[in-house]
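Protein sequence lines, in the order shown, are assigned to chains A and B.
Convert by adding 4 to the 1-based position in the first sequence; the result is the number in my numbering.
Convert by adding 3 to the 1-based position in the second sequence; the result is the number in my numbering.
Note that beta-carbon positions come from the ideal geometry of N, C-alpha and C, so glycine has one too.
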Amino acid sequence: MKVNLKILFLLFFLSIPCLLLSQEKKDENIFEREIKTKSNQFISEPNFHKALSFFLEKKWDSTLVYSMKQLSSTKDEELTNYCHFFRGFSFKQKKIYKEAQKEFTEISIGFKFYNRVKMLLGAIALEQNEFQKAIDYYKDLEYLKSPEFFGIKKSNVEHNLGISYLHLKKFDKAEYYLLKSTKTQELNKDTLLLVGAYGDIATLYYEQYKDDLAIPYFQKSYKLSKKTTDFNLKRNTAKNMAVVEENRKDYKLSILYRKEYEKWKDSSNDQNKIWEVAKLEKEFAVKQKQKEVTVLEAENKLKVAERNKLFYSAVSLLVLLAAGGYFYSQKVKTNKIIIAQKATLDELNATKDKLFSIVSHDLRSSVNALKTSNSKLQASLETKNFTELDSQLNTNSAITNGAYNLLDNLLNWALLQTQQGYFEITSMRLFIIVEHVAYNYKPLLLDKNISFENTVVKKEFIDADQESLKIILRNLLDNAIKFSNENGSIKFYSRNTNDTFCELVIEDNGLGMTESTRLELLKDTALLSKKENEDIIGTGLGMQLVKQMIQKNNGKFNIESELGKGTKMIVSLPKTAS
Amino acid sequence: MDNINVLIIEDTKAESDALVKVLNANNYNIVGIAPTYKEALELFYNNKIDIVVIDIFLNGNPDGITFAETINVVPGAAKPFVFLTSSTDRKIFERAKLTQPFSFLMKPFNELEILYAIEMAVEKFYAQNDVFLSDEEDTVISKEYLFIKKGKSLKKVLLNEIIYIEVEEKYCNIITEKEKFVILISLTKILNLLDNDMFCRTHRNFIVNSEKIVEIVPADNLILLSGNHKATLSDTYKTIIKKIRTLK
Numbered sequence: 005m006k007v008n009l010k011i012l013f014l015l016f017f018l019s020i021p022c023l024l025l026s027q028e029k030k031d032e033n034i035f036e037r038e039i040k041t042k043s044n045q046f047i048s049e050p051n052f053h054k055a056l057s058f059f060l061e062k063k064w065d066s067t068l069v070y071s072m073k074q075l076s077s078t079k080d081e082e083l084t085n086y087c088h089f090f091r092g093f094s095f096k097q098k099k100i101y102k103e104a105q106k107e108f109t110e111i112s113i114g115f116k117f118y119n120r121v122k123m124l125l126g127a128i129a130l131e132q133n134e135f136q137k138a139i140d141y142y143k144d145l146e147y148l149k150s151p152e153f154f155g156i157k158k159s160n161v162e163h164n165l166g167i168s169y170l171h172l173k174k175f176d177k178a179e180y181y182l183l184k185s186t187k188t189q190e191l192n193k194d195t196l197l198l199v200g201a202y203g204d205i206a207t208l209y210y211e212q213y214k215d216d217l218a219i220p221y222f223q224k225s226y227k228l229s230k231k232t233t234d235f236n237l238k239r240n241t242a243k244n245m246a247v248v249e250e251n252r253k254d255y256k257l258s259i260l261y262r263k264e265y266e267k268w269k270d271s272s273n274d275q276n277k278i279w280e281v282a283k284l285e286k287e288f289a290v291k292q293k294q295k296e297v298t299v300l301e302a303e304n305k306l307k308v309a310e311r312n313k314l315f316y317s318a319v320s321l322l323v324l325l326a327a328g329g330y331f332y333s334q335k336v337k338t339n340k341i342i343i344a345q346k347a348t349l350d351e352l353n354a355t356k357d358k359l360f361s362i363v364s365h366d367l368r369s370s371v372n373a374l375k376t377s378n379s380k381l382q383a384s385l386e387t388k389n390f391t392e393l394d395s396q397l398n399t400n401s402a403i404t405n406g407a408y409n410l411l412d413n414l415l416n417w418a419l420l421q422t423q424q425g426y427f428e429i430t431s432m433r434l435f436i437i438v439e440h441v442a443y444n445y446k447p448l449l450l451d452k453n454i455s456f457e458n459t460v461v462k463k464e465f466i467d468a469d470q471e472s473l474k475i476i477l478r479n480l481l482d483n484a485i486k487f488s489n490e491n492g493s494i495k496f497y498s499r500n501t502n503d504t505f506c507e508l509v510i511e512d513n514g515l516g517m518t519e520s521t522r523l524e525l526l527k528d529t530a531l532l533s534k535k536e537n538e539d540i541i542g543t544g545l546g547m548q549l550v551k552q553m554i555q556k557n558n559g560k561f562n563i564e565s566e567l568g569k570g571t572k573m574i575v576s577l578p579k580t581a582s
Numbered sequence: 004m005d006n007i008n009v010l011i012i013e014d015t016k017a018e019s020d021a022l023v024k025v026l027n028a029n030n031y032n033i034v035g036i037a038p039t040y041k042e043a044l045e046l047f048y049n050n051k052i053d054i055v056v057i058d059i060f061l062n063g064n065p066d067g068i069t070f071a072e073t074i075n076v077v078p079g080a081a082k083p084f085v086f087l088t089s090s091t092d093r094k095i096f097e098r099a100k101l102t103q104p105f106s107f108l109m110k111p112f113n114e115l116e117i118l119y120a121i122e123m124a125v126e127k128f129y130a131q132n133d134v135f136l137s138d139e140e141d142t143v144i145s146k147e148y149l150f151i152k153k154g155k156s157l158k159k160v161l162l163n164e165i166i167y168i169e170v171e172e173k174y175c176n177i178i179t180e181k182e183k184f185v186i187l188i189s190l191t192k193i194l195n196l197l198d199n200d201m202f203c204r205t206h207r208n209f210i211v212n213s214e215k216i217v218e219i220v221p222a223d224n225l226i227l228l229s230g231n232h233k234a235t236l237s238d239t240y241k242t243i244i245k246k247i248r249t250l251k
């Protein structure tokens, strides 16, 4: 019987530290809050601050290191107390009880949490089976009021005292404290503690062989344990019941309890296994998830790569398209230009063809006329018809003159088109130039008996290129003679109506022209004007040349004409600035 | 009054003949006709030439321009010249233009044009523009000669031969040993252009060739000149006496 009790007792005792731990946990929050506010005044010390934060985070090793650092650098009593407290607590948590005890004893009595220190010292003593020492510590705390414990319950102190006395076999004292603590616990409805407390009381009576008193407590404990979820408690109470029934020789019940005990033991194991399985499953799931994640990642990478590929190909396609569009538009543009150029070229070509046809026609007829005239001349010479000879020679020279003028115009026109001719604008007397040009036409004027007058003001200076001015005047005079009747008159005179321009008027009283012809002549076109009158009107090259040359000399050209009355050709040229 | 000496540089016989005919008809003296560059230089340096008429193209080369360039670089040798050309090729013109003063005439030309071109060349060369065509003046003065427009043509008078000049409003009576004629020129211009060492003003209306002075009679305000000409010496210009003495 005694052997059994011993076993029971040993079993029971194992439950104490875990009970202590659970008590501490509950009170920790209150305690932490307290310690935080109390130690706030030392927050400026970096090492202390770190030690505190590590303490609150339950990183014991780090707490030890920083509190040591703080200890070596400070002399402040309260600060050292806190440090020792941290260190003691940390050592205790690391189950290095000797060191913990040492640190706790360093703390002076004035320390705010000195009671707490005592509590911890008591717990350490209990852990080391120094029950008398533990009783000493707890005795000091027994009559303190609750708030000063900062959450640590008085019932715990009483319970611990009771357990200590139980171990010292001072049963009466143990009974007193245990019952007292159980009462408070019953009041607090603290089931877990109550199961332990009932067990302890039952053990207390059982030790003293007061079975009648002990058994109800065992049963109470067992019943209460049913309500909890703690397998260890259930297992212990079941085992206690089994031992009790065995001792009462009620083996049937004992076996039942024993079985229950086994069950709880198994379920506790199962629980562990379940936990392990769950853990494994969890790990497996995590791995699976990880795999899925990696697969997804790979897929994502692939997707991204594919998307990039798509994107790049789209971009390159777009670029290609744009380039294609650009080149196409360029091509269209150049085509348009080419078409426009072709049109102008065609036009020019038509002009050129027309020019050549006219020129060749005119030249040919001139030369042909000369040829026939020459043969007539020869005939006249043979017959010695000298009177005829003179008029024929005159005709010949007129023909050659006309042909020469045509050729000259052709040359000048060509030079104008190719911009190869020399062109220099200088200041000159308009009168002199008119005289020079007219000089060559004296015989022609005489021949047609046309009176000629140059009344250009001698002082009139104009800016022009001399050669081109001569070409202009030559053509205009030629035209005037051509369109004049016999005994007509041609006048060159200047009209001074403008400050910057000198108007030179070439006036004849010849055929004149219709309004439409006049407008046609003034038109700024590269095409040659139509031949209206085959007999008189020439190529139109002369007028074309006149207009272009006047333009090149910064001048203006105008025609005033009345059909049948005569024509005024007006050339405006810039005056020389004086 | 003497005729102007003209050198013609022209390789086409027909054209030079026509030119000679026109110039002769207008009292120009043709010194020679050079068909090549070399002959032209020879004639130019061996004769007293007043004006050169140059055909740009000699045997297809623009040797005419070369000639003008040559005489232009010899100091004191240059004379007025006129280019003749039948081509208006711009490159040739650009080169010819560098031989300042530049005057040219396009072929074919008539009488009026060649005479005008010669006059223009003289005006340009002596930098006295717009003289011969204006109504106010008719004389260009060089260092040696007076070039005077007489009718259609130009004449020259050697400055050395002038005894004195009598100014009468805008006319100037020129008295030489042989003749006496009137030119149109302003007094200020003639004073500016004549050599001050040779010609000095003795009176408001008199300019005297100091080399022709025979005697000065200050008491009578009279200057006796060679050829029995007389000029007045006014008080304002008596300082010339000193000048004459130093010369003696």
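Contacts with chain A at 8 angstroms (Cβ-Cβ) include residue 115 of chain B. C-alpha of residue 245 of chain A to C-alpha of residue 186 of chain A: approximately 20 angstroms in a straight line. With a 10 Å radius around the Cβ and a threshold of 16 neighbouring Cβ atoms, residue 325 of chain A comes out exposed.
Of the candidates B:163, B:189, B:191 and B:131, B:163 places its Cα closest to the Cα of residue 178 of chain B. Under the DSSP assignment, residue 235 of chain B falls in the beta strand (DSSP E) whose first and last residues are 232-235.
The contact set of residue 101 of chain B on chain A, defined by CB atoms closer than 7 angstroms, is empty, because the minimum CB distance reaches about 13 angstroms.
In the DSSP assignment, residue 128 of chain B is bridged to no other residue. The C-beta distance from residue 102 of chain B to residue 52 of chain B rounds to 16 angstroms, too long to fall under 8 angstroms, and the pair is not in contact.
Distances from the CA of residue 131 of chain B to each of B:119, B:227 and B:145 were compared; the closest alpha carbon is that of B:145. Leaving aside the five residues that flank residue 214 of chain B on each side, the residues in its chain whose CB is nearer than 7 angstroms to its CB run, in chain order, 201. Per DSSP, the continuous alpha helix (DSSP H) segment holding residue 243 of chain A begins and ends at 235-251. Residue 31 of chain B counts as buried, since no fewer than 16 other beta carbons sit within 10 angstroms of its beta carbon. Taking the Cα positions, residue 524 of chain A is about 52 angstroms away from residue 33 of chain B. A Cβ-Cβ separation of about 6 angstroms places residue 164 of chain A in contact with residue 130 of chain A under the 8 angstroms criterion. Apart from sequence neighbours up to five positions away, the residues of its chain that approach residue 59 of chain A with a beta-carbon distance below 6 angstroms are 67 and 90, ordered along the chain. Secondary structure at residue 133 of chain B: coil, using DSSP grouped into helix, strand and coil.
With a threshold of 8 angstroms between beta carbons, residue 135 of chain B makes no contact with chain A.
Counting only runs of at least 3 residues, the stretch 9-45 of chain B fully encloses the following beta strand (DSSP E) elements, listed from N- to C-terminal order: 31-37. Here the stretch 473-486 of chain A lies against the stretch 426-438 of chain A, with 3 or more beta-carbon pairs under 8 angstroms apart.
Interface flag for residue 141 of chain B against chain A is unset, since no Cβ pair is found closer than 8 angstroms. Close to chain B, meaning a Cβ-Cβ distance shorter than 7 angstroms, are the following residues of the stretch 412-435 of chain A: 419, 424, 425, 426 and 433. Measuring C-alpha to C-alpha distances from residue 488 of chain A to each of A:498, A:512 and A:503 identifies A:512 as the nearest. Neighbours of residue 4 of chain B in chain A, taken as residues at a C-beta separation under 7 angstroms, are lacking, since the least C-beta distance is about 24 angstroms.
Chain B places a beta carbon closer than 8 angstroms to that of residue 444 of chain A, counting this residue as a contact. Contact of residue 92 of chain B with chain A is assigned, a C-beta pair being separated by under 8 angstroms.
Listed in chain order, the non-local C-beta contacts of residue 508 of chain A below 6 angstroms within the same chain comprise 498 and 575, local neighbours out to five positions each way being set aside. Beyond the five residues adjoining it in sequence on each side, residue 168 of chain A comes within less than 6 angstroms, by CB distance, of 135, 138 and 139 in the same chain, given in chain order. Chain order gives the chain B residues near residue 439 of chain A as 115 and 119, where near means a beta carbon separation below 9 angstroms. Around the CB of residue 243 of chain A, 16 or more other CB atoms lie within 10 Å, so the residue is classed as buried. Within the stretch 39-111 of chain A, the runs of alpha helix (DSSP H) at least 4 residues long that lie entirely inside it are, in chain order, 50-60, 64-77, 81-97 and 101-110. Per DSSP, reduced to three states, the secondary structure at residue 496 of chain A is strand. Looking at the DSSP output, residue 216 of chain B sits in a beta bridge with B:228. For residue 109 of chain B, the residues of chain A that pass the 7 angstroms Cβ criterion are 471, in the order they occur in the chain.
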